[in-house]
Structures are given as structure tokens and as C-alpha cells.
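In the order they appear, the protein sequences are chains A and B. For what it's worth, our numbering labels the leading residue of the first sequence as 1, then goes sequentially. For what it's worth, our numbering labels the leading residue of the second sequence as 1001, then goes sequentially. Inspection log for the structure reproduced underneath, given as C-alpha cells.
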Amino acid sequence: MKKHLALVALLLVPTLSYGELFLEITKGSEDPYKVAMILFEGKTKVSKQLNNIMRNDLIRTGEFSILDEELLLPVKIIDDELVFSDWKLLGMDYLVTGKIVNANNSIDINYEIYDIHKKRKVRSSKVFGIPNQIRQLAHYTSDGIYESITGIKGIAATKLLYVNETKDSKLISSYKLMLADSDGANEKILLSSSEPIISPSWSPDGKRVAYVSFETGIAKVFIQEIASGKREAVVSKDTQISSPSWSPDGKYLSLTLYQDGNAEIYILRLRDRTLTRMTNQFSIDTESSWSPKGNKILFTSGRSGSPQIYELDLRKLNPKAKRISFEGTYNAKASYLPKEEGIIFVHRSDDGLFHIALKYKKENFIRVLTEAKMDESPSVAPNGNMVIYGIKEENLSMLAGFSLSGAKFKLPASNGEVREPAWSNFLR
Amino acid sequence: MITNHRYLQASLFSFCIHAALFLYIYGTFDPTTPQTLMISKPLQIELKFDLPSQDVKKQAPIAAKVIATPAEQTPQNIVYSKATVAIQTQQNNALIESSIANLLSEESEIEIDKEKQEISIYAQKIISTIESAWMKPRNIPEDLVANLRLKIRSSGKIIGAELIKSSGNIRFDNSALQAVRRVETFSFFNSIPKNLYEREFQIIAISFNPS
């Protein structure tokens, strides 16, 4: 078939694309960019720490393989042809070098990226930081490397929210809302409570979070400023409220309210706290999330007899929910990819297990992306290439992630159980 | 009944307009259209432009075919009637030239067949070289197509790769560019005859189309 295609292409030469020879490639397999990262010049301890963080950031994307440090050639000057060919013999695509510069109260990194095939420097850049924030500095640098090689914005410098549950000696639970770097390091506690906290959600500017807390005995949605810790309940009604999701312009929250006898989706305008009811159904409607442009919301509804994903077009006057999941008897907790080219959601497969799945808008089938037993609450990174979600291992909840290009990783377990991750927008 | 009546009226109007249009195209209203319209074949005129020369060899027969088909179906073509004056004076010349042209193009067709075979052999080599270097990304939508244009030296070294049609997915586009980067040099290029290289393989377009 392939040969036929090529011949067809040849015969069409005069009519297609400028009269030049036109060939068609139809096969390929998966392989990452091969990058050699030389330890940055500077204090060895700091340099090794930086290297380690950046290496993990890049490997986690699934699009990079980093040359083992032991194999690195001890070279510093690399503008000369001979050295480029050395790197080529090692099968490298890119080479990264750098220098740590200590000033009085700051620590800067100068780094360079060389394209081994083109035999030239493709990027020379500087990152500024402060000494006790080596991690942040490393994340910014690896995002720079990632972006200049792939053309896609990196997400190493973004943040995560999640809920941590610990039990004391009497098996009494306590809950914490946690903030951490995208690699799970650098944890901070945003809120501690003796009652459950669920469904954290980022404001688009990354300065505030919304979440559900049961501290008053029933589910209530709170908004909290990260910097100051200032917090307030958003709806004063005496009803259960859950699943907050921030609109991309930061002006609205979509919520689930239980005041009508069953769960219905509402949109709350934050400026004056007015609520608009979006669904009216005898069955449960919940887990809303906004489209990247803010003109649609996705939600889970039981109206067909089983949980399925529906889409609501907010530009219409009386929008009708459109069902968009059809495969299987359980599809829930959906969110859009950043270009709205598809959705990521929880899908129960025929074997009865719960997996994270992807469905592209233009395709009429789903792609199951994970293989554990109880995968839940996926959250998509702002560049759309990674997903973090909850898994169960030996009955303990923890966080795992994958990149669409095939990398898989687990976040280091902190004390106790961790669940309900939420990936921030690009920060800075 | 009223609707029916209006419908008939509309049909009549429509018929009249179409009939008028048809007659106009047929040349009924054109007083300058000579009676000899059908004598000379439009195919011959077009072939005048396509006398095989070095650089249009390949396109010649195809171009002639494409042009011949519509011209034969509608010989009363407006373009044609405008050109009539010129045709009448050149009619004889055109007839002679066209028979020479036919001979020449037959000959060149044989040559082209041979050449086509040669081109397809090298094209196949290019395709398989790139295919073995192309790593298709996972979990990308189906039906993605990216086109690249390559500039290649006679030594086979790729000296330029340009994305001329993005697939809309950066990871897919990157994988295509990366494949070309990995190939770097087509080792078999020195076996391509010089004139064939210059005409066909200096600049080529490649489509990455896994569907």
C-alpha cells in the first residue's frame, strides 16, 4: 500500500505543491530527544542538585532521555567541529551546558543549548533566582530547555494542589490542603482541618484556590488567598455545595448545589455572588469544569441511567446539555485539553476497573491511558501534555502522573494518603 | 393550486433564462462568430504551447490531456471564439506542427516512463530512509498530516528543512523535523544522475501521513 501511495504522489507531482517531488511517510515509532546535560560550572553540591532536579523534570515529560552522567565527556569548549562529532557518536541530539553565578543576594544560571546535528548554539539564556530557591531555579531552567527544544511551554515551574489525610494513633483522621511544586517537592500546608477537604481548584492567575470543606458539618465551598491565607465561604445558603471550578477569566465559579432535591450545576458570579442555575434534571448533575475559552462547561450527569459526560454551551440562551461520552457505563470527572481538542476523564472499562481515558473531539473512540485498578480525579497540566491523577496502592491513595508521550511517574508519598490533585495554570 | 401555478411560472422563467444563457454561450448572439468554427481542433492550438522542450518534458503530456478534455466537450468555448482570428491564419501551420508535436511527445513519453521508474526508485529510498528515522509520537489524534520541504545537496546532505504545512499538533510536527534531522544525509544520492538530481531531488516535499 505504501508503495502505491508513493507512486500516486509521484504522478501528482505537477499539480501538487510547487511541482517538486512529493513523498509520503506513513510509519514511525516512539523515541525521545537525546540530551546530554553537563554539570553546570559552580559549586559541585549546588550543581549536582540542580542537575538532578532538571533531569527529573525533563525525563518526566516523556520526550527526553538524558545521557547518563558517567558517560559525559569532560569538555568545556564545544564550538569546535571535532567535539560536536564526539557528541554525535554518543547519539546525542542536544547538549546543555551552564554556569552558576553567585552574586550577593542572588544566584543566577547562564545556560546554553547546542544542536548537535546543526552544529550550533540554539539558545543562550539566563535565569535569576535567590539562594534558598534552587528548586525553582532548576524548574525555570528545565522549562527553558524543554521549550527551546520542543516548542512547547514547559510545566516544571507550575504547582499542584492536593489533599493529604493522616491518621493518629487512635486512627482519627486529619486533613490538609497542600501546595507543592509540579514534582511533588517543596510542600506547603494551606489549610488543616479535622473534617474532610475535597475538590481543590485553582484560580486562573494561581493566586487563589477554591475547595470544599466539611468543617461546618456539611459540604461548603471556600475561596482562599494563597499568600495571605485569608478565606471565606462563597455561598451562605444552608445547603450542601461542592465541585467548584474556576472560569478561565477568573470571574465565575461553577458549583454543584443540592438545594433542589438533587445535585444541579450553578454558576456563581464572584463580583456580586449571584447564582444562575444551569441544569434542571431529576438526576445528579455535578463535577463541572470550564472550557479553555470559557464558553462551555463539561459535567457528569446520571440522566441516561449511568454517569456520562455532557457539554453545555454557555453562549446559548437556554443551553441544552449535549452528551459527549458513549463508550461504557461509567464516564465522569472530565476536563478539556488546553486547545479543546479533546477531553480527559475517568472511564470504567469492561473489566470493571477505573482508568483515565482520552477522547479527541474528531475521533469516535476513546484511548485508555492508565492501567491500575482505581484511577481517579485526573487533572491536566496547562500545556496539555501531562496528567496527574489519584491511584490506590495497597489500599492507600497516592498520586501518579503520565505524559501523553508515554512517560509514567509517581509522586513521592508524603505522610499518609494523598488524593484529589489539581494542576495550576502557567505561573509567573 | 396557487402554489402549483407559481411553480409552473417559475419553471418557465427558469427555462427561458437558461435557454438564453445556453444560446449565448453557443454563440447564437455573436455576429462575428464564423461558420468555420468547428474545423480546426482546439487541441492543436493548445499543443503549440506544449511543444516539448527540456524543462516541460514531464508536464507536457499531462497538461495536454487536461486541456484537451474540456476543450473537446465544449468547442464553442468563449476563449476559443476570441482566439479565432489568430487560429484561422495559423491553421495550416498548426496542423503541421501538431503532427510533429505528436511524434515528439510520443518519443518523450518513452523517455519519461524510464525516467519515472528511476525517480520512483530513488523516491522509495528516500521514503524508507526517513521512515526508519521517524518516531511517531504517542497519543496524538489520528488524521494528522505535516508537510516538509527539504533542500538537499548533490552529496545527499540535507541543508534545509522547512515546515510548509503544520499538522496543528506541535509534537507531531516536531517528530517529522526530528526524523529529518536524524537522517542528515541520504547516502545513495551520489548514484543519482546529475541532471536528474538537479531537476527532481534538489528540493523535495515530504508528507508525514501515518493514517
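Even glycine gets a Cβ: it sits at the ideal position worked out from N, Cα and C.
Proximal residues of chain A, C-beta to C-beta of residue i below 8 Å
i	result
B/I1152	Correct list: empty, because the minimum Cβ distance to chain A is about 10 Å.
B/E1184	H117
Classification of residue i by the beta-carbon crowding that lies within 10 angstroms, buried from 16 upward
i	result
A/E394	exposed
B/H1018	exposed
A/A185	exposed
A/L411	buried
B/G1168	exposed
A/R208	buried
A/D238	exposed
B/I1121	exposed
B/S1014	exposed
A/R60	buried
B/H1005	exposed
A/A227	exposed
B/P1034	Note that B/P1034 scores 41 on pLDDT, short of 50, meaning its location in the model is unreliable; the coordinates nonetheless yield the value given after this. With fewer than 16 Cβ atoms within 10 Å of its Cβ, B/P1034 is classed as exposed.
B/L1023	exposed
A/A422	buried
B/Y1007	exposed
A/F103	According to the sequence provided, residue 103 of chain A is Ala. The question's Phe does not apply to it. Classification of A/A103: exposed, given that the 10 Å Cβ count is below 16.
A/V122	exposed
Contacts of residue i in chain A (Cβ-Cβ under 7 Å)
i	result
B/R1138	E30, L404, S405, G406
Proximity winner among the options, relative to residue i (alpha-carbon distances)
i	options	result
A/T286	A/E264, A/G305, A/M278	A/E264
A/L396	A/T150, A/V418, A/K119, A/D260	A/V418
A/I109	A/F40, A/I116, A/Y146	A/F40
A/L161	A/D350, A/L50, A/G206, A/Q133	A/G206
A/L270	A/K293, A/S289, A/N295, A/P244	A/P244
A/Q308	A/T276, A/T279, A/V346, A/L275	A/V346
A/S125	A/Y266, A/G151, A/T97	A/T97
A/S173	A/V101, A/S194, A/I59	A/S194
A/K293	A/F282, A/S254, A/D249, A/S304	A/D249
A/L67	A/L90, A/V83, A/Q49	A/L90
B/I1192	B/N1139, B/A1179, B/I1126	B/I1126
Within chain B, partners of residue i - CB distance below 7 Å
i	result
A/G151	I1170, N1174
Closer than 8 Å to chain A by CB, residue i
i	result
B/P997	There is simply no residue 997 of chain B to check, as chain B begins at 1001 and stops at 1211 in what is shown.
B/R1006	no
B/D1113	no
B/S1155	no
B/D1055	Note on B/D1055: pLDDT 43, under 50, position unreliable in the model; the coordinate value appears next. So no, B/D1055 is outside the interface.
Beta-bridge pairing of residue i - partner residues as DSSP gives them
i	result
A/D115	A/Y94, A/R120
A/V212	A/I198, A/V221
A/M374	A/F354
B/K1157	B/T1185
A/Y336	A/I343
B/Y1024	Partner(s): none; B/Y1024 has no beta bridge.
A/E147	According to DSSP, A/E147 bridges with nothing at all.
A/K167	A/S173
A/F402	A/V387, A/K408
A/S247	Bridge partners of A/S247: none, in fact.
A/F64	A/Y33
Amino acids of chain B, ordered along the chain, whose beta-carbon sits closer than 9 Å to that of residue i
i	result
A/L358	N1139
Closer than 8 Å at the beta carbon, the chain B residues around residue i
i	result
A/L369	N1139
Within-8 Å CB hit, residue i to chain B
i	result
A/E363	yes
A/E341	yes
A/G416	no
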